[in-house]
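Asker: Below is a structure I'd like to ask you about.
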Amino acid sequence: MPGVPRATYMPFPFQIIQSTGKILFVYEFASTQRLVNMGKPIEPPDNSWMGQSNGKFEGDTLVIDAI
């Protein structure tokens, strides 16, 4: 897997799915995914390749912090 942020700019399609509390990025390359928590920031329970992502909106801009 390419990791963050390289998975997003690789020449393969990806899909973004948004709900009220989470945003999911699904990548065609390596069938990987990235789940962004939009609620209270949480710590990662264990090491993972794509890390733990916490997001928030600052105005119209989505800001994602990955650990």
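At position 32 of the sequence shown (counting the first as 1) the number is 36 in my numbering, and the numbers step up by one without a gap. C-beta atoms are modelled at their ideal positions from N, C-alpha and C, and glycine is treated no differently.
Measure the beta-carbon distance from residue 40 to residue 27 and round it to whole angstroms, keeping in mind my assumption that it falls under 8 Å.
Answerer: Position 36 of the sequence shown holds residue 40. Position 23 of the sequence shown holds residue 27. Yes, they are in contact, since the Cβ atoms of residue 40 and residue 27 sit about 4 Å apart, within 8 Å.
Asker: Whole angstroms are fine: how far does the CA of residue 7 sit from the CA of residue 16?
Answerer: Residue mapping note: residue 16 aligns to position 12 of the sequence shown, counting from 1. Residue mapping note: residue 7 aligns to position 3 of the sequence shown, counting from 1. If I take the Cα positions, the gap works out to 14 Å.
Asker: Does the distance from the C-beta atom of residue 71 to that of residue 59 stay below 8 Å?
Answerer: Taking the first residue of the sequence shown as 1, we reach residue 71 at position 67. Taking the first residue of the sequence shown as 1, we reach residue 59 at position 55. Their beta carbons are not under 8 Å apart, which means residue 71 does not touch residue 59 by this criterion.
Asker: Among 33, 19, 42, which residue has its Cα nearest to the Cα of residue 66?
Answerer: Walking along the sequence shown from the start, residue 66 turns up at place 62. The shortest Cα separation from residue 66 among 33, 19, 42 belongs to 42.
Asker: With DSSP collapsed to three states, give me the class of residue 35.
Answerer: Here residue 35 is taken as the residue at index 31 of the sequence shown, counted from 1. Here residue 35 sits in helix by DSSP.
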